[in-house]
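Q: What follows is a structure written as structure tokens; I'll ask about it next.
2 protein chains.
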Amino acid sequence: MKVCREQVAENRLRILEVAGELFKAQGFDKVTVCDVMKAAGLTHGGFYGYFKSKDDLIAQTITHLLSPAPPRGGLARIAEHYLSTDHCGNMKEGCPVAALATETLRQAPEARAAMADGVRRRIGELAQSLAGDDDRAARREAIAGMSTMIGALILARICDDPAMTREILEETRMWLSDREQG
Amino acid sequence: MKVCREQVAENRLRILEVAGELFKAQGFDKVTVCDVMKAAGLTHGGFYGYFKSKDDLIAQTITHLLSPAPPRGGLARIAEHYLSTDHCGNMKEGCPVAALATETLRQAPEARAAMADGVRRRIGELAQSLAGDDDRAARREAIAGMSTMIGALILARICDDPAMTREILEETRMWLSDREQG
DNA sequence: TAGCAAACATGATGGAGATCATGTATCCTG
DNA sequence: CAGGATACATGATCTCCATCATGTTTGCTA
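Just so you know, the sequences run in chain order A and B. Going from the first sequence to the numbering used here is simple: count from 1 and add 2. Going from the second sequence to the numbering used here is simple: count from 1 and add 2.
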């Protein structure tokens, strides 16, 4: 089964795509190379035609996950989505930083570098999106605002009591809009 | 080699202690039962005399890690420690939530429940520590403040550029004290 | 269109790690 | 102080998984 050139590029993308979902949902270690290939509609053998190793896949997947630009807007507006129950309950399609940042620290240096780069870029983009008169203030708001949203999402996900999950999401959203107005 | 009763209790504690450090530093999956026992000065065989399984160890370790009460004080004061370069660079002795929360989501239900319980308790304690006239406001501040600190610590740790790590820690600290005064 | 090389499937291989089986030395109970 | 139980060591087992080896089909190039 060989396919045309384009199909090959598509396959590579599909692998990165499903790897991203699987990693975010289950973590790097619990997902096997075989799982990824099966989810992409292939078998494990072909894997090493696309990637040097599982570590290589992880690094490239992180880069892929962080390539789209995050939504723009003020913190309150962004938080409306980021801290929604929808996003909270949907790890596999949600923010890769919240889902994978901690584990990435323990992966190979390339993976960590890819995550670090993505985070740096996103902080820059958010700061621009927030920029008013004072760039320094916008950057601070970007850093702290992003920290707040990521931390809250993680805490909300850990709670097994839905009421508490909702409380964390809502209260953090309110705190962020208070801040924005005050 | 059998030891007196007390030694047994001590051994159990030592295992939980070193397991906590290893897990926080390397994650649940990269630490083996053998690693833990070796670090505790024992061999792998005795492990199943203490714990039913590795999952059991994980759950009990989380409970153990979260049993001490967190420091009290206002957000700015707490952040001074929590967002210090020291804490940032010292995963194995640092906050278990920042180090392990995400991975705990993917562990057995008992582990997740232990983490959820700890988080609930800590939010309550922080809220009390912050309580002024308005309990609701204190609780909101506790939730959002904790989220901010945890998120910032995670982001700071991901960055491989020390300057950026420092920036994240400092700016978040400032944002939190601004909020406290404003 | 002949033949090569790419893309992928199937099936090893090899190591790691969780758990179990067994042996032994030491503590505790009578 | 005898006998059993306990705490632990050593070594075996068994599964899982990353990676490699090989074969086969099919697009591509001359």
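Here a beta-carbon is modelled for each residue, glycine too, at the ideal position from N, C-alpha and C.
What is the rounded straight-line gap between the Cα of M3/A and the Cα of G22/A?
A: Any reading at M3/A needs caution, since the residue's pLDDT is 47, under 50, leaving its predicted position unreliable; the model's value is listed next. Computed Cα separation, rounded: 25 Å.
Q: Out of W177/A, I17/A and L128/A, which one is the CA nearest neighbour of Q62/A?
A: Taking only the C-alpha atoms, the option nearest Q62/A is I17/A.
Q: Check K32/A in the structure and name its three-state DSSP category.
A: In the structure shown, K32/A sits in coil (DSSP, three-state: anything other than H, G, I, E or B).
Q: Is it true that the CB of R122/B sits closer than 9 Å to the CB of V99/B?
A: Cβ atoms of V99/B and R122/B: not closer than 9 Å.
Q: State the DSSP-derived secondary structure class of S149/B, mapped to helix, strand or coil.
A: The answer is helix: DSSP assigns S149/B an H, G or I state.
Q: List, in order along the chain, the chain B residues whose C-beta lies closer than 7 Å to that of T150/A?
A: Within 7 Å Cβ-Cβ: A146, S149, T150 and G153.
Q: For the alpha helix (DSSP H) containing D119/A, list its first residue and its last residue.
A: Per DSSP, D119/A belongs to the alpha helix (DSSP H) from P111 to L132.
Q: Tell me whether the beta-carbon of L107/B lies closer than 9 Å to the beta-carbon of I160/A.
A: Going by C-beta atoms, L107/B is nearer than 9 Å to I160/A.
Q: Curious, which full-length alpha helix (DSSP H) runs of at least 4 residues does the region 56-108 of chain B contain?
A: Entirely contained in the region 56-108 of chain B, the alpha helix (DSSP H) runs reaching 4 residues are, in chain order, 56-67, 77-84, 87-91 and 98-106.
Q: Would you say the region 63-79 of chain A touches the region 128-139 of chain A, given that touching needs at least three Cβ pairs under 8 Å?
A: Enough Cβ pairs lie closer than 8 Å, so yes.
Q: Expressed to the nearest angstrom, what Euclidean distance is found between the alpha-carbon atoms of H46/A and D58/A?
A: About 15 Å.
Q: Which residues, in order along the region 22-38 of chain A, keep a beta-carbon less than 7 Å from a beta-carbon of chain B?
A: For the region 22-38 of chain A, which is checked against every Cβ of chain B, the residues closer than 7 Å are Q28, G29, D31 and K32.
Q: If you compare alpha carbons, which of A78/A, E19/A and M93/A is closest to H66/A?
A: Comparing Cα positions, the closest option is E19/A.
Q: T34/A and T104/B look like a contact to me (Cβ under 8 Å); what is the Cβ gap, rounded to whole Å?
A: That pair is no contact at about 20 Å.
Q: So which residues of chain B does D162/A contact, with C-beta pairs closer than 7 Å?
A: The contacting residues are R114, A115 and A118.
Q: From this set, D137/B, A78/B and D162/B, which residue's C-alpha is nearest G91/B's C-alpha?
A: Nearest of D137/B, A78/B and D162/B to G91/B, Cα basis: D162/B.
Q: Tell me which residues of the region 95-108 of chain B have at least one Cβ-Cβ distance to chain A shorter than 9 Å, keeping chain order.
A: Residues V99, A100, A101, L102, A103, T104, E105, T106, L107 and R108.
Q: Kindly indicate if chain A contains any beta-carbon less than 9 Å away from that of R181/B.
A: For R181/B, the answer is yes, since a Cβ of chain A falls inside 9 Å of its Cβ.
Q: Could you spell out the range, first to last residue, of the alpha helix (DSSP H) harbouring G51/B?
A: Start and end: F49 to Y52.
Q: Return yes when the Cβ of L85/B is within less than 9 Å of the Cβ of L15/B, no when it is not.
A: Taking 9 Å as the Cβ cut-off, L15/B and L85/B do not qualify as a contacting pair.
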